[in-house]
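Engineer:
Okay, structure coming up:
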């Protein structure tokens, strides 16, 4: 990138002789240099965000990676289309030039013809590997951004719990059984007042207490 900017502002030299560059070429170089400079600045912010754990900077870098991934996919598709267009079609260079005398068009078509002579496996590898690398970078940065969000949420929850006064309320689970305390549903032998347990030392004469007493002692 610094070489690109240096060549733009200092001029192009071939054999130590200045060469005039067309305006469209210079404009394309300036645009490409601006894009790469912007990407480098965003990448620097992403690096600083990863060091200082700033989720905003990391997500900005992640957005740039997503854009790069889409452009890389489009570039790979375009490369394969142009390769097979010139590789499998006879007279593709003639169709590309279309009787044009423009040197830029002729050089472009010559470059495509030379590119079509490249082995197929090399073209596929050169098109797929950059996509895989950028996609993996998106995956890593995306997971790191989620991790920063989770760490921030944990730091906000823990102080809130520590500042809470008193023990936490825990709801009692419902119980299937019920035990009424005032009016029991079963018959207790010593429930009547005159013959309640401990009320008298004499054997009970009547009531349920007497029946239980005499049946146990066989009196």
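Numbering (this note's numbering), first residue to last: 378 to 596.
Even glycine gets a Cβ: it sits at the ideal position worked out from N, Cα and C.
Helix, strand or coil for residue 445 per DSSP?
Structural biologist: helix
Engineer: Please classify residue 490: does DSSP put it in a helix, a strand, or coil?
Structural biologist: It is helical.
Engineer: Below 8 angstroms, can you find three or more Cβ-Cβ pairs linking the stretch 513 to 521 to the stretch 475 to 495?
Structural biologist: no
Engineer: Cutting at 8 angstroms between CB atoms, please list the residues of its own chain near residue 446, excluding the five before and the five after it.
Structural biologist: 508, 511, 512 and 515
Engineer: Taking all protein chains shown into account, decide if residue 522 is buried (16 or more other Cβ within 10 angstroms of its Cβ) or exposed.
Structural biologist: buried
Engineer: With a threshold of 16 other CB atoms inside 10 Å of the CB of residue 433, please say whether the residue is buried or exposed.
Structural biologist: Exposed: under 16 other Cβ atoms inside 10 Å.
Engineer: At the level of alpha carbons, what is the spacing between residue 519 and residue 440?
Structural biologist: 10 angstroms
Engineer: When the distance is taken between beta carbons, is residue 426 closer than 8 angstroms to residue 438?
Structural biologist: yes
Engineer: Just to confirm before moving on: does the CB-CB distance between residue 368 and residue 500 stay below 8 angstroms?
Structural biologist: Since the first and last residues shown for the chain are 378 and 596, residue 368 lies out of range.
Engineer: On the CB-based measure, 16 or more other CB atoms within 10 Å of its CB, does residue 420 come out buried or exposed?
Structural biologist: Exposed is the call here.
Engineer: Rounded to whole angstroms, what's the CA-CA distance from residue 481 to residue 505? Just pull it up for me.
Structural biologist: C-alpha separation (whole angstroms): 29 angstroms.
Engineer: For residue 496, does the three-state DSSP call read helix, strand or coil?
Structural biologist: coil
Engineer: Taking Cβ to Cβ, would you say residue 464 is nearer than 8 angstroms to residue 503?
Structural biologist: no
Engineer: Starting from the Cα of residue 529, find the closest Cα among 443, 455 and 430 and give me that residue.
Structural biologist: 430
Engineer: Whose C-beta lies closer than 7 angstroms to the C-beta of residue 436 among residues of the same chain, with five residues either side of it excluded?
Structural biologist: 522
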